[in-house]
Each structure stands twice: as C-alpha cells, then as structure tokens.
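Asker:
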Ligand SMILES: Cc1cc2nc3c(=O)[nH]c(=O)nc-3n(C[C@H](O)[C@H](O)[C@H](O)COP(=O)(O)O)c2cc1C
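Residue numbers (UniProt numbering): 1 to 334.
1. Name the one or two DSSP bridge partners that residue 172 has.
2. Could you give the DSSP three-state label for residue 44: helix, strand or coil?
3. In angstroms, rounded to a whole number, what distance separates the CA positions of residue 200 and residue 329?
4. So residue 225 and residue 206 are in contact, right, with Cβ under 8 Å, and what is the actual spacing, rounded?
5. Could you please give the first and the last residue of the uninterrupted alpha helix (DSSP H) stretch that includes residue 218?
6. Determine the direct distance from the alpha carbon of residue 286 to that of residue 110, and round the result to whole angstroms.
7. Can you round the beta-carbon distance between residue 117 and residue 251 to whole angstroms, since I take them to be within the 8 Å contact cut?
8. For the candidate residues 283, 305 and 97, whose alpha-carbon lies nearest to that of residue 292?
9. Residue 89 to residue 58, Cα distance in whole Å?
10. Report yes if the C-beta distance between residue 311 and residue 261 is below 7 Å; otherwise report no.
11. When you compare each of 19, 40, 14 and 2 to residue 27 by their alpha carbons, which one comes out closest?
12. What span of residues does the beta strand (DSSP E) with residue 4 cover, start to end?
13. With respect to 6 Å, is the separation between the Cβ of residue 329 and the closest non-hydrogen atom of ligand 1 below this value?
14. Taking all protein chains shown into account, do 16 or more other C-beta atoms lie within 10 angstroms of the C-beta of residue 323, making it buried, or fewer, making it exposed?
15. Between residue 44 and residue 183, which are expected to be in contact by the criterion C-beta below 8 Å, what is the C-beta distance as a whole number of angstroms?
16. Would you decide whether residue 248 is buried or exposed? Buried here means 16 or more other CB atoms lie within 10 Å of its CB.
17. Less than 7 Å between the beta carbons of residue 17 and residue 55, yes or no?
18. Taking residue 336 as the reference, give the member of 29, 69, 161 and 113 with the closest Cα.
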C-alpha cells in the first residue's frame, strides 16, 4: 500500500463540496482506510452528510482509477464505521475502468458561461449507462475507452435531464434561501478564498478564480459578506441571489442524479464517472447543490421529475460546452 502514497496528488484531484477535501487515507499495512476529517465537513450546509458521502465516493473512484492507471491492482471494500467508509486493498484483478489519471487531471468544475445547445441524446444515454440506469448496462464488461457501463450497473442510480430554463426559478428560490440563512452563509464564508493573500488560497476552498468572479464582482462579494450581519435584513440576500439570476437563462441542460439514499458513497463514485465521461467528451459541469439542499426546492424538483422521495435527489449540475477554460482549483497536496 506504500506505493499509493506517491499517487496522492492525483487522488486529491477528486471533487468535493466547497473544495473542503474532507477525505483521509490511513495506511494500515496491506490496506488503506478511507475516512474523513470532521474539521473538513459542512455541518450547517450539509447536515445529513449527503455531500460528504458523495465527495468520499468521488475520492474512492478517483483512487481506483489512478491506481489502475499506474498499473496497481487495488480494489475498494465498503465497510462503514466510525469515521470511515471502507478500505482500499490489494486485489487480484486490476480495477476495470475506461478512465485514466489523465482524465482525472483534466476534469474540473467550470462556473463560466456555456455555449447554447442541449446535450445530444446519445451522450445522455452514455451517462445513464455509467449510472447503471441504462437497460443494456453490464457490469464488468469493459467495452473500450469511455464506453464501458461498468459497476454502475448495480448502483441503482439514474440520471435525469431538464432544460436550464425550466430550473431558473427554482435556482433563484434556493439561492434566496441560502443567502438569507446566516449560518449557511457564515459556513460558506469560511471556505471562500477571495484574495490571493488568503493564507489557504492555494490549498483548499473556493477562490475568486474558481468561482469565475471578475475583479469587481470579487470586491462586491467581499464587501457584501463583510457587511452581511447588518445588511441581511436590508435586502442583501436578494442582492446576492440576484447576482446569479441569469445563470440558467440559456438553451442548455441540467442533470439530476437520483439514487438510493442508503448508499451515497456508491453514488459519489457514479458521480465521478459521469463527470469524467462528460469531461472526456469536452463538456463541463457546474453543480447547483442549493436546489437539493433546500427542502422546498428539492420537493418542487422531485414533483417536476415525478420522483416519489425528494431525498433521492442527490445532485444537480448544469452541463455544457464551456466558452472558456476554468481556473484550476486548489488542493492540499502538491
Ligand atoms: C457533492 C458536491 C457538491 C457540490 N456542490 C457545488 C455547488 O453547489 N456549487 C458549486 O459551485 N460547486 C459545487 N461543487 C463543486 C466543488 O466546489 C468543486 O468540486 C471543488 O471546488 C473542486 O473543484 P474542481 O471540481 O474544479 O476540482 C460540488 C462538488 C461536489 C462533489
């Protein structure tokens, strides 16, 4: 398992909510325990731990892909317990995946503008195959680069798509709720790195560049957050939510990951595969978790999709061809 240490920099490219990088790897002889650091969780914004488990799943998938790419035979054994989700172990077979370390390095969230246009149906079908929703999906059948349906066949997840404009109202409602909640805003603020002078700017959290903010927008956000406690009742949440008003006002797609609540780590692995598939095809993703964080908008979205249990809506992101590249997000390693 010691060989894994040399690959940590690539493991850490996994995505996580607010870029907290909550995962820990503890080497225990022939195994490495995948756990989390309570200091890097989001108890206010993510009280159920949904995004924590999705992020840990994304990390596990990332580790398996990077190990396979390096020629190491490593598997993952789920074993939820205090502070851990499971173990990486030396397996007889290499992990079967169409993705490589290059794909992991290339992927990134892009919060900039996207070209007009919906995702082709065959792309959505490919994604559904990765999630296991596809009728023809077969576990273990590795059918070439970026087309294997893979272990997603057992994940119980589904990918649903909606037109961006159909969700613009819900996004605004969720943004309003989020910015009106002083505790959620305070927690977000802890992970914002809005100036390169921030001591953690290159290590974690959300930088002005990653958020695709212009210089003027960064200054405005810093000023708004500095005045937040006093200005909250004077309409500041409306102003902050209004700044993102046009985000979904174009001809594009939003994808929703629907899956069993009981196995969110597995769903995080699915999410990682979906993002890698999209990124390999030249598409970018921009998560909009606030829609499923807020109970009212989550319920609306479930009704729109005809999904019975709103808690099974695990993740929402807009997806499209970005107009320009995104800034690379910070990491604790490297
Ligand atoms: C479970 C999960 C939820 C996320 N929710 C949001 C979100 O609501 N808004 C957003 O802009 N980014 C969201 N992100 C993206 C992260 O902020 C991003 O992955 C992190 O900053 C690292 O950047 P990268 O994806 O470019 O590597 C989410 C990521 C994950 C894994």
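We treat Cβ as the ideally placed atom computed from N, Cα and C, and that holds for glycine.
Answerer: By the coordinates alone:
1. In the DSSP output, where bridge partners are listed per residue, residue 172 has none listed.
2. coil
3. 12 Å
4. That belief does not hold up - the Cβ atoms of residue 225 and residue 206 are roughly 12 Å apart, past 8 Å.
5. 215 to 226
6. Approximately 6 Å between the Cα atoms of the pair.
7. 6 Å
8. 305
9. Residue 89 and residue 58: Cα-Cα distance of roughly 17 Å.
10. yes
11. 2
12. Premise fails: residue 4 is in no beta strand (DSSP E) and is neither H nor E.
13. True, at least one ligand heavy atom lies under 6 Å from that Cβ.
14. exposed
15. 5 Å
16. buried
17. yes
18. The structure shown does not extend to residue 336, since the chain is modelled only from 1 through 334, so no value can be given for it.
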